[in-house]
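Structure, as C-alpha cells:
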Amino acid sequence: MQKKIMFILTIVTLMSFTMLQKDKKETTILISTSFGEIKLKLYNETPKHRDNFIKLAKEGFYNETLFHRIIQGFMIQGGDPDSKNAAKGKALGNGDVGYTIPAEFNATLIHKKGALAAARMGDDVNPDKASSGCQFYIVQGKKYT
62 MQKKIMFILT IVTLMSFTML QKDKKETTIL ISTSFGEIKL KLYNETPKHR
112 DNFIKLAKEG FYNETLFHRI IQGFMIQGGD PDSKNAAKGK ALGNGDVGYT
162 IPAEFNATLI HKKGALAAAR MGDDVNPDKA SSGCQFYIVQ GKKYT
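Residue numbers (this note's numbering): 62 to 206.
See below:
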C-alpha cells in the first residue's frame, strides 16, 4: 500500500490552476494533474478562503506541488510547498505559507464527495479552528462531519 501511494505521489508532479469565472455566486478552479483535471467551486460564503486560494493560484504557488496525503474513501490533500521537488521518502504535510485563515464555517456547505476544504490542525492545538494558509483537501467519499 505504501509503495502504491509513493508511486501515485511520484506521478502527480504537475498541478496548475486556472480560474474560470462562472458567475457572481462562485468561482470555478481547474486543477490539472498527470491523472486528469479536477473542477472545483469556490463559494462566496467563505470569502477569506476563496480569496486566499485564488491569490495563491494566480501567484503560481500551487504549481508542481503534490497531493501528499491520500486517505482512500475520505480525502486527498495537497498544497504543501515542501512537496515541490521533494526527495523520495521526505515527510510532507508540515509546510506552510506563514499565516492561517480565520474559520469560516457555514452549515450549508458540507463535506460531500468533491468538496474542497482548507486543512487545519486539530482542535487540541488550534482552538480557534484556523485553517492552513495554503494546504487544502478534496473529499473523496461519503459525507463526513
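Each residue gets a CB set at the ideal place from its N, CA and C atoms; glycine is no exception.
Contact set for residue i: own chain, Cβ-Cβ below 6 angstroms, skip 5 residues either direction
i: Y205; result: Below a pLDDT of 50, predicted positions are generally treated as unreliable, and Y205, at 48, falls in that range; no measurement from the model is reported.
Contacting residues, own chain, Cβ-Cβ under 8 angstroms from residue i (five flanking each side not counted)
i: Q196; result: Q138, G139, G140, D141, G154, G156, D157, A179, A180
i: E87; result: K102, L103, Y104, N105
Backbone CA spacing between residue i and residue j [nearest angstrom]
i: F135; j: V200; result: 6 angstroms
i: I115; j: K109; result: 10 angstroms
i: K145; j: T169; result: 34 angstroms
i: M182; j: S192; result: 7 angstroms
i: E106; j: D185; result: 26 angstroms
i: A152; j: H129; result: 9 angstroms
i: L101; j: K174; result: 11 angstroms
i: I132; j: S95; result: 19 angstroms
i: N167; j: T161; result: 18 angstroms
Extent of the continuous beta strand (DSSP E) to which residue i belongs
i: F31; result: The shown model of the chain, from 62 to 206, leaves out residue 31, and the question about it has no answer.
i: I115; result: Unbroken run through I115 is the alpha helix (DSSP H), 108–119; no beta strand (DSSP E).
Would you mind listing the beta strand (DSSP E) stretches within the stretch 142–171 that are 3+ residues and don't spill past its ends, in chain order? With a minimum length of 3 residues, no continuous beta strand (DSSP E) run stays inside the stretch 142–171.
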